[in-house]
Amino acid sequence: MPGGRPKGSVNRKRQEDSNSQRKLTSSLTGLSTSRSNRTRDDSESDTEQDFASEVNQSVDRLRRTLLREINTLQDDFNKVILDLRHTIDELTTENATLKQKCAALDQKIV
1 MPGGRPKGSV
11 NRKRQEDSNS
21 QRKLTSSLTG
31 LSTSRSNRTR
41 DDSESDTEQD
51 FASEVNQSVD
61 RLRRTLLREI
71 NTLQDDFNKV
81 ILDLRHTIDE
91 LTTENATLKQ
101 KCAALDQKIV
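Numbered continuously in full-length UniProt numbering, the sequence shown closes out at residue 110.
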């Protein structure tokens with residue numbers, strides 16, 4: 001029984017990657033691929049206005065999505081910073097307590 005990769009698996013993986021990339025691009029733009037493949041022969045003003053309107057709506061949706069993501073990341077970052085500040089405060093307090101205990105032990109030894 002020969003080892004190795006199944007026959008045709010390389011091309012299938014490339015094809016899957018290509019398909020997923022196309023889907024991602026399509027979902028990011030919010031436009032169908034047929035809309036993005038228009039030629040300059042479609043010079044009707046209504047069609048151009050519709051297309052421009054769709055592009056503007058897609059950009060607005062993406063902007064809102066990005067702002068939500070940025071706000072979420074900023075909130076998460078602020079929570080982490082706050083947690084770290086609390087940890088630093090706790091460690092500072094613990095350090096002061098340990099210094100006092102060490103000083104008390106030093107006095108008992110002397």
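Here a beta-carbon is modelled for each residue, glycine too, at the ideal position from N, C-alpha and C.
This one's a predicted model, so the numbers in the text were calculated from it and none came from an experiment.
Please list the terminal residues of the continuous alpha helix (DSSP H) segment that includes residue i.
i	result
residue 55	45 to 109
Could you check if residue i is buried or exposed, using at least 16 other CB atoms within 10 Å of its CB as the buried criterion?
i	result
residue 42	The predicted position of residue 42 is uncertain, since its pLDDT is 48 and thus under 50; no value can be drawn from it.
I want to see whether chain D comes within less than 8 Å of residue i, judged by CB atoms only; does it?
i	result
residue 76	Included in the structure is just one protein chain, with no chain D present.
Identify, in the order they occur along the chain, each residue of the same chain with its Cβ nearer than 6 Å to the Cβ of residue i, setting aside the five sequence neighbours on each side.
i	result
residue 73	none
Ordered along the chain, which non-local residues of its own chain (more than five positions away) have a Cβ less than 7 Å from that of residue i?
i	result
residue 101	none
Report whether the distance from the Cβ of residue i to the nearest heavy atom of the ligand GTP is below 7 Å.
i	result
residue 63	In the structure shown, the ligand GTP is absent, as is every other ligand, since no ligand is present at all.
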